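Heads up, the sequence shown is in the working numbering, so the first residue is 824 and it goes up one at a time.
Encoded as structure tokens, the structure appears first; notes follow it.
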Amino acid sequence: MSIPNDFQILAAGDHQPAAEGDRSVLRLANDADALQVSLDGVERIDLDFPAFTDGRAFSQAYLLRRRRGFKGDIRAHGDVLIDQLVQMHRTGFSSAVLKAGVDVADAARQFERFAGFYQGDVEAKPHFDQAAA
């Protein structure tokens, strides 16, 4: 499995923070309820990992994709570890910003570690489709 077409890995220097007053980018706090925020005009949602042990952003991404039907970019930033990238993609993230000094090629190799998964992900697929893959 290579990097999915709907997922982008960004080096720390390639991430452009939202400009002041830019309403197309929403930076969602970790304690915010993803089911209650307004998504009008939002094209990208930035979710923060303040520490690798804080997984609230995984839940937020899942809720935004699965329950809210958000189609834009959901971006992970903060304490993003490369071994979390596959799970980020599976829970709804479409991009991740690596910490400074982390090699993008090393991060990309994480997607080659697993040929398949037992648990479902954010995109529900029928069992026959999963079996054919």
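Idealized CB from N, CA, C, for every residue including glycine.
Just so we're clear, the structure is a prediction, and the values are computed from it rather than from any experiment.
Beta-carbon gap between residue i and residue j smaller than 8 Å
i    : j    : result
L851 : R891 : no
D871 : G915 : no
V860 : G895 : no
D869 : R898 : yes
I826 : A931 : yes
Through-space distance from residue j to residue i, alpha-carbon basis
i    : j    : result
H847 : F875 : Reading off the sequence shown, one finds Ser at residue 847, where the question assumed His. Going by the C-alpha atoms only, they are around 27 Å apart.
G924 : R936 : 22 Å
V972 : G844 : The structure shown does not extend to residue 972, since the chain is modelled only from 824 to 956, so the question has no answer here.
V920 : N853 : 17 Å
Range covered by the alpha helix (DSSP H) that runs through residue i
i    : result
Q883 : R879 to Y885
D845 : Neither: D845 is in no alpha helix (DSSP H) and is coded neither H nor E.
R913 : L908 to T914
V920 : Segment S918 to V920 is the beta strand (DSSP E) holding V920; no alpha helix (DSSP H) there.
D929 : V927 to A931
Near the ligand SAH: residue i beta-carbon under 7 Å from a heavy atom
i    : result
S825 : Of ligands this structure carries none, so the ligand SAH is not represented either.
Residue environment, residue i, which counts as buried when at least 16 other CB atoms sit within 10 Å
i    : result
S918 : buried
L858 : exposed
Q839 : exposed
A842 : exposed
Bounding residues of the beta strand (DSSP E) (the contiguous stretch that carries residue i)
i    : result
A899 : D896 to G901
D829 : Here D829 belongs to no beta strand (DSSP E), and DSSP marks it neither H nor E.
Touching by the beta-carbon criterion (3+ pairs, under 8 Å), the segment 877-889 and the segment 827-844: No, the segment 877-889 does not touch the segment 827-844.
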